[in-house]
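Novice: Shown below is the structure under consideration.
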Amino acid sequence: MEIYSLLEKVRTQKPVIHHLTNWVTIYDCANIVKVFGASPVMAHAKEESGDMAKIASALVLNIGTLTPEFVESMKIAAKSANENGIPVILDVCGAGATKFRDDKCFELLNEVRIDIIKGNASEVARIAGEDVMTKGVDATEIEKDLLVLAKNLANARHCTVVITGKEDIICNPKKCYIVKNGTEIMSHIVGTGCMATSVIGTFAAVEKNLAKASVAGLVCFEIAAELAEKESKGAGSFKANLFDAVYNLNKEQIEKMQKIDE
Amino acid sequence: MEIYSLLEKVRTQKPVIHHLTNWVTIYDCANIVKVFGASPVMAHAKEESGDMAKIASALVLNIGTLTPEFVESMKIAAKSANENGIPVILDVCGAGATKFRDDKCFELLNEVRIDIIKGNASEVARIAGEDVMTKGVDATEIEKDLLVLAKNLANARHCTVVITGKEDIICNPKKCYIVKNGTEIMSHIVGTGCMATSVIGTFAAVEKNLAKASVAGLVCFEIAAELAEKESKGAGSFKANLFDAVYNLNKEQIEKMQKIDE
Amino acid sequence: MEIYSLLEKVRTQKPVIHHLTNWVTIYDCANIVKVFGASPVMAHAKEESGDMAKIASALVLNIGTLTPEFVESMKIAAKSANENGIPVILDVCGAGATKFRDDKCFELLNEVRIDIIKGNASEVARIAGEDVMTKGVDATEIEKDLLVLAKNLANARHCTVVITGKEDIICNPKKCYIVKNGTEIMSHIVGTGCMATSVIGTFAAVEKNLAKASVAGLVCFEIAAELAEKESKGAGSFKANLFDAVYNLNKEQIEKMQKIDE
Chain A
1 MEIYSLLEKV RTQKPVIHHL TNWVTIYDCA NIVKVFGASP VMAHAKEESG
51 DMAKIASALV LNIGTLTPEF VESMKIAAKS ANENGIPVIL DVCGAGATKF
101 RDDKCFELLN EVRIDIIKGN ASEVARIAGE DVMTKGVDAT EIEKDLLVLA
151 KNLANARHCT VVITGKEDII CNPKKCYIVK NGTEIMSHIV GTGCMATSVI
201 GTFAAVEKNL AKASVAGLVC FEIAAELAEK ESKGAGSFKA NLFDAVYNLN
251 KEQIEKMQKI DE
Chain B
1001 MEIYSLLEKV RTQKPVIHHL TNWVTIYDCA NIVKVFGASP VMAHAKEESG
1051 DMAKIASALV LNIGTLTPEF VESMKIAAKS ANENGIPVIL DVCGAGATKF
1101 RDDKCFELLN EVRIDIIKGN ASEVARIAGE DVMTKGVDAT EIEKDLLVLA
1151 KNLANARHCT VVITGKEDII CNPKKCYIVK NGTEIMSHIV GTGCMATSVI
1201 GTFAAVEKNL AKASVAGLVC FEIAAELAEK ESKGAGSFKA NLFDAVYNLN
1251 KEQIEKMQKI DE
Chain C
2001 MEIYSLLEKV RTQKPVIHHL TNWVTIYDCA NIVKVFGASP VMAHAKEESG
2051 DMAKIASALV LNIGTLTPEF VESMKIAAKS ANENGIPVIL DVCGAGATKF
2101 RDDKCFELLN EVRIDIIKGN ASEVARIAGE DVMTKGVDAT EIEKDLLVLA
2151 KNLANARHCT VVITGKEDII CNPKKCYIVK NGTEIMSHIV GTGCMATSVI
2201 GTFAAVEKNL AKASVAGLVC FEIAAELAEK ESKGAGSFKA NLFDAVYNLN
2251 KEQIEKMQKI DE
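So the sequences go chain by chain: A, B and C. Here the first sequence stands for residues 1 to 262, where the numbers follow our numbering. Here the second sequence stands for residues 1001 to 1262, where the numbers follow our numbering. Here the third sequence stands for residues 2001 to 2262, where the numbers follow our numbering.
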């Protein structure tokens, strides 16, 4: 896969990535998009979320700190994106933790077109109708074969499904990929999951095959994490180094380090 | 006090710490909990804040950017925590700055059970009924003997009281502790006070004696700050180093550096 | 211009800077004010935003993530600031992106007294009535002579106008300044524009000539950025180093590095 050429497209085209995301990691989501070379916008008022989606090249939704009003704004933005042919990525952050959260996820999935569903194993399992309990925002171990789960959900919802974890699974109805990049320290700070979603949105803005876009985004982000870890003394320096590594990411690093199973 | 054994409990049990906190430092609050080894959740919708409290092991409330609706969600979460025997920590951030803020603090204190009240000297003095004017979010010097103030408030409210400052005072109705760790640079960046509250919540999730939990949390956090400062060129590198130091904090450092008066 | 003496005033007087700002960069806005030595407050509830403005020495408004309710709170705070003679700074963040955003900007400009209007070229052009399309939050190239634009808007609105970019233009009805400090990497991370506004607010709290205050704030912030860049490997370390450089900024650096055209 020509991953570096997609990164170059991001850096050259500087697509606008509109977000309705959570209040915890909103800065990191905006900043990772910016440091990748694209242009983040985060506008959640229902009075403008639809108009803003029109000038964007991708829409990222993340339910981490959802309210009923916020989900209404998400729907307005998503309908506008749907009408204008702009890809919509939904991070089902925390699905399974409360009934309210699950209900709102299904509302979004049923009322607007979601092009990429993204979450960790337990979150996506819940969305697929499996009975799994989410503990906080971390993945719990689940029994199901995740590849089958992702493939079935991609077929059922006619979309791309991304399950992140030690290995990332990316499926559309036709094909699955496994990305084996990344490093354990990513799970020791808050925000890497949300940033990964924003990065997927960024690459979805420049590549119509959304499974390929997701793979490319995850590979770039996770290679940067591997490079960052080598320079780090702990969780604090890792995070600063992660942005440095994304900023400086080059063709040689990507081609040498990428680990993708098709 | 066996502080390191409590830190080990946090790292092993990975308790879920539910927050309804302010929008300024929400990322840092979540991240410090995560880097200590626990699992942060920040869900403020009134439709789910009660359910989320049920799956948590401690509830942290912080009124830094309160609204009437937000305080309603806090009450729902706190009542759920009260019913389920989960400790509730209230950071009375900015108490004394406006009448609205004071009124809402007293509403919370009177309508739900607060297990730990935490603030700086002027904030806690206001909650105790003293007439002190808060300038911004920094402590103002006050005349009162803070130890007496804390002890009286702990007795009046049947709870644990934590006053942070150059020296931290921790009292329950039976006993007081003074923690003398920490460093001045902590007061030169935004967020150390809010993070301290989240850390106290994290330790309250694994230790039933909430005064001991508060002491242990503050000692760990402030030793990490002392270690971080030694590596720092200023406020920016200090913050990254603080997370590194928490991430790497070990038994030897704690036993050698802890400064607690009982 | 005696820029260092204004920085000293900030550090000595520690003015309270009240903000109603966006949720993306709210931490950075608070922290940059703090690291400059002043005291940030961010209180957006309509029930207290007016009272909080009374105890502040400057009020910073930023419409980055505006809603109708939020703008109502801004008006309450601004009216309180107007009545109490406290300068009001408005960052017209994202003006031109949606009709809603433009309408709300004009509502603020027409209903309360704004003392400093601040934005990038395309945003300020829109506020001045020029027809420019904003792409994300980055400046687009515009044809108009920006100096004329700023001067005309300052005259029309009887205020100070600040247009930030590669060179910053600062005009009041009587005089214009151009600040040539700063570095390109500032535009590769999220938050430098919002922080610049908070810094201008901080200096406006200690200097009645608001054009001079704006120049001083920008010069200090941008010299710090130049110093930070020299120590940085990329966007992540640049940001940590920026706070270090502000923290350590001294008279010699300012006098040697400042680039101001009058």
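Note that beta-carbon positions come from the ideal geometry of N, C-alpha and C, so glycine has one too. Note that the structure is a prediction, hence the values are computed from the model and not measured.
Check whether the Cβ atoms of SER2214 of chain C and VAL2162 of chain C sit closer than 9 Å, and answer yes or no.
Specialist: yes
Novice: Please look up how many angstroms separate the CB atoms of SER2049 of chain C and VAL2016 of chain C, rounded, as I've assumed it's under 8 Å.
Specialist: Between SER2049 of chain C and VAL2016 of chain C a beta carbon distance of about 14 Å is seen, past the 8 Å cut, so the two are scored as non-contacting.
Novice: To the nearest whole angstrom, what separates the beta carbons of THR65 of chain A and ASN22 of chain A, a pair I think is in contact under 8 Å?
Specialist: 4 Å
Novice: Quick one: Cα of HIS188 of chain A to Cα of GLY1037 of chain B, how far?
Specialist: 7 Å
Novice: For the candidate residues A:ALA81, A:ILE26 and A:ARG11, whose alpha-carbon lies nearest to that of MET195 of chain A?
Specialist: Here the closest residue by C-alpha is A:ILE26.
Novice: Return the residues of the stretch 2007-2041 of chain C that lie within a Cβ-Cβ distance of less than 7 Å from chain B, sorted by chain order.
Specialist: VAL2016, TRP2023, ILE2026, TYR2027, ALA2030, ASN2031, LYS2034, VAL2035, SER2039, PRO2040 and VAL2041
Novice: Keeping to the same chain, check which residues put their C-beta closer than 8 Å to that of LYS1175 of chain B; ignore five residues upstream and five downstream.
Specialist: Apart from the 5 residues on each side of it in sequence, LYS1175 of chain B sits with its Cβ closer than 8 Å to the Cβ of ALA1211 and GLU1262 in its chain, given in chain order.
Novice: LEU1066 of chain B versus chain C: which residues are under 7 Å apart at the beta carbon?
Specialist: ALA2045
Novice: Could you work out which residue in A:GLY85, A:PHE106 and A:GLU226 is closest to VAL92 of chain A when comparing CA atoms only?
Specialist: A:PHE106
Novice: Under 8 Å, with one C-beta from each stretch per pair, do the stretch 229-241 of chain A and the stretch 1232-1250 of chain B reach the 3-pair mark?
Specialist: Inter-segment contact for the stretch 229-241 of chain A and the stretch 1232-1250 of chain B is present: three or more beta-carbon pairs are separated by less than 8 Å.
Novice: How close, in whole Å, do the beta carbons of GLU2047 of chain C and PHE1100 of chain B come, if the pair is a contact with beta carbons under 8 Å?
Specialist: 4 Å
Novice: Would VAL2010 of chain C and GLY1234 of chain B qualify as a contact pair, given that the criterion is a beta-carbon distance under 9 Å?
Specialist: Their beta carbons are not under 9 Å apart, which means VAL2010 of chain C does not touch GLY1234 of chain B by this criterion.
Novice: Can you list the beta strand (DSSP E) stretches of 3 or more residues lying completely in the stretch 2159-2246 of chain C, in chain order?
Specialist: If only uninterrupted beta strand (DSSP E) runs of at least 3 residues are considered, those enclosed by the stretch 2159-2246 of chain C are 2160-2164, 2168-2171 and 2176-2179.
Novice: Closest to GLY2201 of chain C by C-alpha separation, out of C:VAL2088, C:LEU2006 and C:ALA2097, would be which residue?
Specialist: C:VAL2088
Novice: What residues from chain B crowd round ILE189 of chain A, counting only those whose CB sits closer than 7 Å?
Specialist: ASN1031, LYS1034 and VAL1035
Novice: Mark LYS34 of chain A as exposed unless 16 or more other C-beta atoms lie within 10 angstroms of its C-beta, in which case mark it buried.
Specialist: Answer is buried; the Cβ neighbour count reaches 16.
Novice: By Cβ distance below 8 Å, which residues in the same chain neighbour GLU229 of chain A in space, the five residues on each side in sequence not counted?
Specialist: THR183, ILE185, PHE238 and ASN241
Novice: Check PRO87 of chain A in the structure and name its three-state DSSP category.
Specialist: coil
Novice: Is it right to say LYS263 of chain A is buried, meaning 16 or more other beta carbons lie within 10 angstroms of its own, or is it exposed?
Specialist: Given that chain A is displayed from residue 1 to residue 262, the structure contains no residue 263 of chain A and the question cannot be resolved.
Novice: Exposed or buried, what is VAL1137 of chain B when buried is set at 16 or more other beta-carbons lying within 10 Å of its beta-carbon?
Specialist: Residue confidence is low: VAL1137 of chain B scores 49 on pLDDT, short of 50, so the model does not pin down where it sits. No coordinate-derived value is stated.
Novice: Go ahead and label PRO68 of chain A buried or exposed: buried means 16 or more other beta carbons lie within 10 angstroms of its beta carbon, across all protein chains shown.
Specialist: Within 10 angstroms of the beta-carbon of PRO68 of chain A lie fewer than 16 other beta-carbons, which makes it exposed.
Novice: To the nearest angstrom, report how far apart PRO1173 of chain B and LEU1090 of chain B are at their CA atoms.
Specialist: 17 Å
Novice: Let me check understanding here. Comparing Cα to Cα, which of C:THR2098, C:ILE2086, C:TYR2004 and C:ALA2125 lies closest to VAL2112 of chain C?
Specialist: C:ILE2086
Novice: Looking at the C-beta of ARG1126 of chain B, does it have a partner C-beta in chain C at a distance below 9 Å?
Specialist: no
Novice: On the CB-based measure, 16 or more other CB atoms within 10 Å of its CB, does GLY279 of chain A come out buried or exposed?
Specialist: The first residue shown for chain A is 1 and the last is 262, placing residue 279 of chain A beyond what the model contains.
Novice: Determine whether the beta carbon atoms of VAL2206 of chain C and VAL2179 of chain C lie at a separation below 9 Å.
Specialist: no
Novice: At which residues does the beta strand (DSSP E) containing ARG1117 of chain B begin and terminate?
Specialist: Looking at the sequence shown, residue 1117 of chain B is not Arg but Ile. Here the beta strand (DSSP E) through ILE1117 of chain B covers 1116-1120.
Novice: Pull up the CB-CB distance for ALA1077 of chain B and LEU1020 of chain B, whole angstroms please, since I reckon it's below 8 Å.
Specialist: 6 Å
Novice: Ignore the nearest five residues each way along the sequence and tell me which others in LYS2251 of chain C's own chain have a CB closer than 7 Å to its CB.
Specialist: TYR2004
Novice: So with CB distances below 8 Å, who are the chain A contacts of MET1001 of chain B?
Specialist: Residues of chain A passing the Cβ test: none, with the nearest at roughly 25 Å.
Novice: For chain A, check one thing: does any of its Cβ atoms lie closer than 9 Å to the Cβ of ASP1244 of chain B?
Specialist: yes
Novice: Can you list, in chain order, the stretches of the beta strand (DSSP E) that have 3 or more residues and sit fully within the stretch 2039-2117 of chain C?
Specialist: 2039-2042, 2058-2062 and 2088-2091
Novice: Return the CA-CA distance between VAL2060 of chain C and ASN209 of chain A, expressed in angstroms with no decimal places.
Specialist: The alpha-carbon atoms of VAL2060 of chain C and ASN209 of chain A are separated by roughly 44 Å.
Novice: Decide if ALA156 of chain A is buried, meaning its Cβ has at least 16 other Cβ atoms within 10 Å, or exposed.
Specialist: exposed
Novice: Mind reading off the beta-carbon distance from TYR177 of chain A to ILE117 of chain A? Whole number of angstroms is fine, and I expect it under 8 Å.
Specialist: That belief does not hold up - the Cβ atoms of TYR177 of chain A and ILE117 of chain A are roughly 15 Å apart, past 8 Å.
Novice: Closer than 7 Å by C-beta to GLN2258 of chain C: which residues in its own chain qualify, once you throw out the five before and the five after it? Chain order, please.
Specialist: ILE2003, ASN2181, VAL2219 and ILE2223
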